[in-house]
Amino acid sequence: MSTDVKIKSMAELLRAGAIMTDLSCPACSSPLFRMKNNDLWCASCQKKVVVVKENEQIGDIQAFSSIENVESTLIAKIVEINDRIQKEENLNQLEKLSSVLSSLLENLEKAKKLHQKHQVP
109 MSTDVKIKSM
119 AELLRAGAIM
129 TDLSCPACSS
139 PLFRMKNNDL
149 WCASCQKKVV
159 VVKENEQIGD
169 IQAFSSIENV
179 ESTLIAKIVE
189 INDRIQKEEN
199 LNQLEKLSSV
209 LSSLLENLEK
219 AKKLHQKHQV
229 P
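Heads up, the sequence shown is in our numbering, so the first residue is 109 and it goes up one at a time.
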């Protein structure tokens, strides 16, 4: 990513209400931004950064991140199945797709509960 693109990305974050912190990215040393949802974001790497405090377990952070990834995957699949349901005319296929959608929604609910239960402070 060119320097101009990085600077524009940082400016966009500031315009969107993010706050530049005194922390730097461990991968590229660029400043980190605190987003409105309290996440830390590296504008250069275009990635969320998780700061592990001395008393925190890295495994806990990894588990939390994995739950977030599962939620994102489930949401993407729900959107995909919903699109297929809207286009499908075969009743047997609609029944199968509806069953898959129901299962995905149940799993998303479970993942969200786990996410809330294991929130990183």
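Glycine is no exception: its CB is placed at the ideal position from the N, C-alpha and C atoms.
Every value quoted in this text rests on a predicted model; they were computed, and no experiment measured them.
Starting from residue i and walking both ways along the beta strand (DSSP E), at which residues does that stretch end?
i: D130; result: 127–132
i: C150; result: 148–150
With 16 as the cutoff for other CB atoms within 10 Å, does residue i come out buried or exposed?
i: M128; result: exposed
i: L199; result: exposed
i: C150; result: buried
i: L213; result: exposed
i: S152; result: buried
i: I175; result: buried
i: L122; result: exposed
i: I189; result: buried
Taking DSSP as the reference, what is the three-state secondary structure of residue i?
i: K220; result: helix
i: V157; result: strand
i: L213; result: helix
i: A184; result: helix
i: E196; result: coil
Just curious, the alpha helix (DSSP H) that residue i is in, first and last residue?
i: D112; result: 111–123
Thinking residue i and residue j are a contact (beta carbons under 8 Å), I'd like their distance in whole angstroms, please.
i: L209; j: I193; result: 7 Å
With DSSP as the reference, please indicate the residues paired to residue i in a beta bridge.
i: L140; result: C150
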